[in-house]
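Notes follow once the structure below has been shown.
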Amino acid sequence: MERRYEIIEILKKSKSPVKGKDLSDILGVSRQIIVYDIARLREEGYKIVSTRDGYVLDTGGKVRRTIAFKHTADDIYDELKTIVENGGKVIDVIVEHPIYGEITGRIDVSSIDDVEKFISLLKASNTKPLLEISGGIHLHTIEAPDEETMERILKAVEKYRLI
Numbered sequence: 001m002e003r004r005y006e007i008i009e010i011l012k013k014s015k016s017p018v019k020g021k022d023l024s025d026i027l028g029v030s031r032q033i034i035v036y037d038i039a040r041l042r043e044e045g046y047k048i049v050s051t052r053d054g055y056v057l058d059t060g061g062k063v064r065r066t067i068a069f070k071h072t073a074d075d076i077y078d079e080l081k082t083i084v085e086n087g088g089k090v091i092d093v094i095v096e097h098p099i100y101g102e103i104t105g106r107i108d109v110s111s112i113d114d115v116e117k118f119i120s121l122l123k124a125s126n127t128k129p130l131l132e133i134s135g136g137i138h139l140h141t142i143e144a145p146d147e148e149t150m151e152r153i154l155k156a157v158e159k160y161r162l163i
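In this text, residue positions in the sequence shown follow UniProt numbering: the first is 1, and each later residue adds one.
Here is the structure:
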């Protein structure tokens with residue numbers, strides 16, 4: 001039981017996702033035990049999100065909006081960079097597919113470094129970004145620490161004609 005609360009404290013204090021391997025090393029248990037503990041913590045009501053970079057504790061209190069965009073694949077870097085430079089986090093991308101309906105992909109970028117890693121991964125994968133399915137029209141769920149920051153993000157994105 002105490003170990004689970006140590007996991008919560010580690011996630012609360014971390015400014016970035018924490019890998020399961022890192023948690024297992026810190027706490028001296030197997031990766032399987034960490035997976036089990038995370039599942040139990042979720043059952044207790046903790047909002048722990050699994051991202052490609054590790055676990056994140058959703059502590060709430062943040063502002064989230066889903067915003068519509070239209071641009072080409074060439075503008076993805078500028079779009080994401082503008083959002084994170086203004087204090088936001090891009091949670092996901094959502095597109096409408098004519099057969100499958102809504103398709104959502106996790107992005108989870110909150111810094112320039114995250115944006116650059118995401119763009120590198122996108123290029124290295126030799127796949128097309130989801131926005132190409134829908135002619136450039138897509139949605140992003142954006143998170144900000146407060147309403148003022150969200151308004152600044154929306155103005156910055158509009159200024160760059162990405163919305």
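For each residue, glycine too, the CB sits at the ideal point set by N, CA and C. All of these numbers come straight from a predicted model, not from anything done at the bench.
In three-state terms, what does DSSP make of residue i?
i           : result
residue 229 : This structure gives no information on residue 229, because the portion of the chain shown stretches from 1 to 163.
T51         : strand
I99         : coil
G45         : coil
T104        : strand
T141        : strand
K19         : coil
V93         : strand
V84         : helix
V35         : helix
V29         : coil
Would you mind working out which of the options sits nearest residue i, comparing C-alpha positions?
i    : options                : result
L57  : T104, R42, K21, R106   : R42
S110 : E9, R4, I83            : I83
Y46  : K12, R64, I94, M150    : K12
E44  : V157, R4, E116, E151   : R4
P17  : S134, D108, K128, E151 : D108
S14  : T127, I48, V63         : I48
V90  : E132, I133, K62, R40   : K62
I137 : G28, D75, D146         : D75
I94  : I38, D146, E132        : E132
D113 : N126, D25, E85, K19    : E85
E102 : V29, S134, R152        : S134
Quick test of your reading: residue i and residue j, contact by CB under 8 angstroms. State the CB separation rounded to the nearest angstrom.
i           : j    : result
residue 164 : D92  : The displayed coordinates of the chain run from 1 to 163. Any statement about residue 164 would go beyond what the structure contains.
L23         : I7   : 6 angstroms
G88         : A144 : 5 angstroms
G105        : L130 : 5 angstroms
V115        : L80  : 5 angstroms
T26         : I10  : A quick correction: the sequence has Ile, not Thr, at residue 26. Confirmed, about 7 angstroms.
Inset, instruction - Please confirm if the stretch 42-56 is in contact with the stretch 92-101, defined as three or more CB-CB distances below 8 angstroms between the two stretches. - result: Inter-segment contact for the stretch 42-56 and the stretch 92-101 is absent: fewer than three beta-carbon pairs are separated by less than 8 angstroms.
Inset, instruction - Could you tell me whether the stretch 16-34 touches the stretch 60-78, using the rule of 3 or more Cβ pairs below 8 angstroms? - result: no
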